[in-house]
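*Asks:* Numbering (the UniProt record's numbering), first residue to last: 1 to 392.
For glycine and all other residues, C-beta sits at the position ideal for the given N, C-alpha and C.
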Amino acid sequence: MDGYLGIIAIIVVVALLAAGGMFLLLRPRGKSAPPVEPPEVRPVPGEEQAPSVGVAEDDDAATTTLPPPVKPAEPMVVPPAVEIPPPSAGRMVRLRARLARSQSTLGKGLLELLSRDRLDDDTWDEIEETLITADVGVAPTQAMVEELRTKVKVLGSRTPAEVRGLLKEQLLTQIGADLDRTLHVKPHGERPAVVLVVGVNGTGKTTTTGKLARSLIGDGKKVVLGAADTFRAAAADQLQTWGDRVGAEVVRGPEGGDPASVAFDAVAKGIEDKVDVVIVDTAGRLHTKTGLMDELGKVKRVIEKKATVDEVLLVLDATTGQNGMRQARVFAEVVDVTGITLTKLDGTAKGGIIISVQRELGVPVKLVGLGEGPDDLAPFDPEVFVDALLGD
Ligand SMILES: Nc1nc2c(ncn2[C@@H]2O[C@H](COP(=O)(O)OP(=O)(O)O)[C@@H](O)[C@H]2O)c(=O)[nH]1
Ligand SMILES: [Mg+2]
């Protein structure tokens, strides 16, 4: 019996071991760690795309890792090609179409009103309103209307050609056909001429500086640019780009540095390199009138230690109307402005601002900006302007 019991005991033990082994083999893996239910994820409205973004990233990773890593090419040093800009002569004629596009509604409106058979008070009011709307200014408008009334009375019936002639004459009188609009850029012996560019931010100072440099270089002059707008590094970079394109040296200083010392260095460089013209671009922060006066006054004084400032060009944005005029007045009070550059004439029908700004500041418009292109700056020609306004 003992033998039986022993055999049974052995069988039981073996069976138990076998069952235990089977259990260990069949039980799910990771049984030792308590199963963690994944937290329930509800899609958040608007974030349904999130999972697919992850997938896309994985795909990207898969595809981008496939090709063998490419060694980045050695950066090629390509010297910027220096452009040869066209000369300044005849530019306004070339840009006439652009002028006609922006200003002809004013001209057409005036011609149409003046061609009416009966010119009653209402019509004269309309003529006056048309001129005021075009920023001609109240006093010049009244002067023009008065003159036109007298002349029309003398004429009696009017042919279209006569109306056009009358209007042209009046506009030219108001614009000042014989004002001296020459830009003073002749060097003085060993010393270059110096042009200081001033005006409110965003009016187009840096652009005008760059365009003017191009046009002078196109006329065969050698130019150095001074980036005296040290307020933003971007301003100096912007000027550098203009200079690089036409091969004009750009003198710049540290960001936040003293604008006067940059102006001084630019003039010194101009003398050293025997250039014809140094153009100094400035910052146009209208913080306070005294602040502005101090800054521009210092820039001018410092330049005058080495040369003479031949032109102070005030840049005015034609699209800003009366607001721009107010700001222009402040500049004219702190520096002796010698000429006005009216920019963005391509973007406004209010070309009458030429008349009001000259009258207000007592300074001629010498240059006009007619677009963002590098050669869209022209010496102002009143005849071409009025012809573009009135059409042929
Ligand atoms: N349409 C047009 N845009 C101009 C003209 N002159 C300048 N601009 C634009 O006016 C903006 C401001 O010019 P910028 O020279 O930087 O002004 P700054 O702050 O006075 O130096 C730029 O986008 C220029 O391209 C112009 O005659 N016509
Ligand atoms: Mg600027």
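1. How would you label residue 383, buried or exposed, when you count the other beta carbons within 10 angstroms and need 16 or more for buried?
2. Going by beta carbon distance, what residues of the same chain come within less than 6 Å of residue 82, once the five residues before and after it are set aside?
3. Using the C-alpha atoms, what's the distance from residue 373 back to residue 205?
4. Can you say whether residue 157 is buried or exposed, counting buried as having 16 or more other CB atoms within 10 angstroms of its CB?
5. Quick check on residue 164: buried or exposed, where buried means 16 or more other Cβ atoms within 10 Å of its Cβ?
6. Rounded to the nearest angstrom, what separates residue 250 and residue 356 at their Cα positions?
7. Under 8 Å Cβ to Cβ from residue 88, same chain only, skipping five residues before and after it: list those, please.
8. Is the number of C-beta pairs between the stretch 222–238 and the stretch 324–333 that are closer than 8 Å three or more?
9. Apart from the five residues on each side of it in sequence, which residues of its chain come closer than 8 Å, Cβ to Cβ, to residue 396?
10. Using 8 Å as the limit for Cβ to Cβ distance, is residue 381 near chain D?
11. Can you check DSSP and say which residues form a bridge with residue 281?
12. Is there contact here, the stretch 275–284 with the stretch 177–196, by at least three beta-carbon pairs under 8 Å?
13. What does a CB cutoff of less than 7 Å around residue 149 pick up in its chain, not counting 5 residues either side in sequence?
14. Comparing C-alpha positions only, which one of 192, 146, 152 and 170 sits nearest to residue 274?
15. Counting along the chain, where does the beta strand (DSSP E) carrying residue 315 start and finish?
*Replies:* With the given structure in hand:
1. Here residue 383 is exposed, its C-beta having fewer than 16 other C-beta atoms within 10 Å.
2. Answer for residue 82: 247, listed in chain order.
3. Take the alpha-carbon of residue 205 and the one of residue 373: they are about 14 Å apart.
4. Answer is exposed; the Cβ neighbour count stays below 16.
5. The residue is buried, with at least 16 neighbouring Cβ atoms inside 10 Å.
6. Rounded to the nearest angstrom, the two C-alpha atoms are 35 Å apart.
7. If we look at residue 88 and ignore the five residues flanking it on each side, its Cβ neighbours are 215, 216, 218, 219, 378 and 379.
8. No: the two stretches stay apart, fewer than three of their Cβ pairs being nearer than 8 Å.
9. Past the edges of the chain, shown from 1 to 392, lies residue 396, and the structure says nothing about it.
10. Chain labels in this structure do not include chain D; a single protein chain is all it has.
11. According to DSSP, which records beta bridges pairwise, residue 281 is partnered with 197 and 227.
12. Enough Cβ pairs lie closer than 8 Å, so yes.
13. Closer than 7 Å at the Cβ level, and outside the excluded window around residue 149, lie 124.
14. For the set 192, 146, 152 and 170, the Cα lying nearest the Cα of residue 274 is the one of 192.
15. DSSP places residue 315 inside the beta strand (DSSP E), whose first and last residues are 309–317.
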